[in-house]
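Structure first, commentary second.
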Amino acid sequence: MELLSNYRHRNGGGTRAYTAFLQQYANRVTRRSHLSEVKLENILSGDTCYPISLTNFEAYLIHEASYSIPDLYCAILNPTQEYTVENLQFVVWFQDYRERFMALPDKLQASSPGRTDFAFAVPSPARTAQRVADSMRQADQLRRADASTSPILSRNPSHGRSRSSSDERNSTAHSPFMSRDDPPHASITPESRQQPFRKEGMRIVATFFKPGAAKELPLDPVVRDTVIRDLTWNTHPDVFLPAYEEIYHILETTSLPRFLASASANINRPKQLFWYAVGIADVLLGVVLAIVLITALPAPPQASRAWRLFAVPLAGIGFMQAYSAWRGFCSEVWGRGHTQLRVWELQEMDAEAAHHWARVLRPDASPRHKSAEKAQVCTIERVDDVRAIAPFAADRTPPPSEGRRSSKPGAGKPLFTRLPGLGGRRGRDCDRRSRDGDDGARADEEVAYARPPVFGPERVVLDPRIQAVHRQIMRDMLYAGFWFTLAFTVLILAVPAYR
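FYI, the numbering used here numbers position 492 of the sequence shown as 483, with every residue one higher than the one before it.
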């Protein structure tokens, strides 16, 4: 019941994004076209443009993602399949973390041993069970090693016998974080304070893995506990790999298809309803006109049945208009090569316009004051974008003890400033709630959007895949209109005259 009430709240309250509503079959038809080759790695690597770029994907997860009717049943059966921006933030962070870790000197990497190649695979119950077993075996080995070196525990026989060197070698060889070329004893790292990015790893746990956190990931408790357990002795990126595989799989199989289907629509909800109304009205007018002609005109040879064809164009055009609305498409917008802006993009435009007019109406401001104000605004925007990915990384600078291989002048800047700007008002507010009090209360924030105009602002479509999808939808609309016109023509000509 809580899930159903949350569904009604997000779809009937002030959080409506006024985007075109696409039926499940319409989504499948769209995804079978050129969008089937778009993968999550294409978006993360920057191979896509507007309206399916990384920034657009992040904005979709913040503002638009909500349960539809088919997704609601999936959520009841599997409630971990969520559409949250935290999933994308964690994936982006992990890729950057691994890149920074692999850039460390070999001496620092040796304190947190692991594989040097990227062993990524689709998560499965067998892989999860194997990782849990290896993690518990490694933790048991470390406890026994600590017990053998502790003078109090070593005199207590109740702690059991210590493992032989052959047992430790066998258990370490099967660890998923060890390379085949690493020595067996390299897995034991008692000096955890000297491991690279130790504090960052702890902050990641508090942000994404702590139960009840504002950015808690939809992970299985077994996977979450495994990551936390392995992080106590190792900061290698492979420690977070089980969680990364789970979240990556959720993004690619649930969030990404819905995002691509939504991006394929080039109109908003009001214009979709407008074309539905116009199309249905035209079809009804065509049907009424056909009925009038059938009943008013006498049977041949007094009058020809060809007079009934005057109702065909009206009904055919109306059907194509209704079909285009069903696909979330407008041929006029497509003819200009554009797509209508989403409501959050309209809000951003309003904010930029307000900022522009504020600068225009203050001509008395000194150039020095303007430059200082601009630098302050840029700094705030950069820090907000950083906090949208990880709130703990905005004020953090890499310590010299971690030995980064960078001698550039900007090496002291925050670690995430070179990542794509994953910003957003709801994401930043969520981060502020997490910093003010991470008490586990995850409150939904209402975002009141003004209804966009039917003929609202537009933007040029840059991605060639979306352009190809729009051309395909245009062809489908013409084919559907042709077959409907043919069937309607045969029908009205076959009906006998009323008199």
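Heads up, the beta-carbon is just placed ideally off N, CA and C, and yes, glycines get one too.
In the structure shown, the three-state DSSP call for H227 is coil. For Q86, the secondary structure class from DSSP, reduced to helix, strand or coil, is helix. Secondary structure of V303 (DSSP, three-state): helix.
Excluding the 5 residues flanking it on each side, P187 has same chain C-beta neighbours closer than 8 Å at F92, L95, L99, Q100, S102, S103, T226, E393 and G394, in chain order. Between F310 and V274 the beta-carbon gap is near 6 Å, inside 8 Å, which marks them as a contact. One alpha carbon belongs to M193, the other to G105, and they sit about 19 Å apart.
By the criterion of at least three beta-carbon pairs nearer than 8 Å, the stretch 75 to 93 is in contact with the stretch 32 to 49. Counting of Cβ neighbours within 10 angstroms places M468 among the buried residues, the total reaching 16 or more.
Taking a contact to require three or more Cβ pairs closer than 8 Å, the stretch 326 to 334 and the stretch 449 to 457 qualify as touching. Within a 10 Å sphere around the beta-carbon of A281 sit 16 or more other beta-carbons, which makes this residue buried. In this structure, the CA atom of Y41 is about 12 Å from the CA atom of N257. Membership of Q331 in the beta strand (DSSP E) is indicated by the continuous run H329 to Q331. DSSP places V486 outside both helix and strand once states are collapsed to three, so it counts as coil.
Taking the C-beta atoms as reference points, H25 is found nearer than 9 Å to A459. Linking D97 to D211 through their CA atoms gives a straight-line distance of about 33 Å.
For the 9 Å CB-CB criterion, A488 and P289 form a contact. A Cβ-Cβ separation of about 5 Å places A11 in contact with Q263 under the 8 Å criterion. Looking only at Q15, S253, E339 and G326, the smallest Cα-Cα distance to M465 is reached by G326. Nearest to R19 by C-alpha distance, out of A287, Y267, S253 and D216, is S253. With respect to the 9 Å criterion, V29 and E49 are not classified as neighbours on the basis of their beta carbons. From the listed residues L208, I285 and Y51, the smallest Cα separation to Y239 is found for L208. Here V76 is not bridged, per DSSP, to any residue. Between the C-alpha atoms of L31 and A234 there is a straight-line separation of about 16 Å.
Nearest Cα to L482 within the set H346, E323 and A302: A302. Secondary structure at N257: coil, using DSSP grouped into helix, strand and coil.
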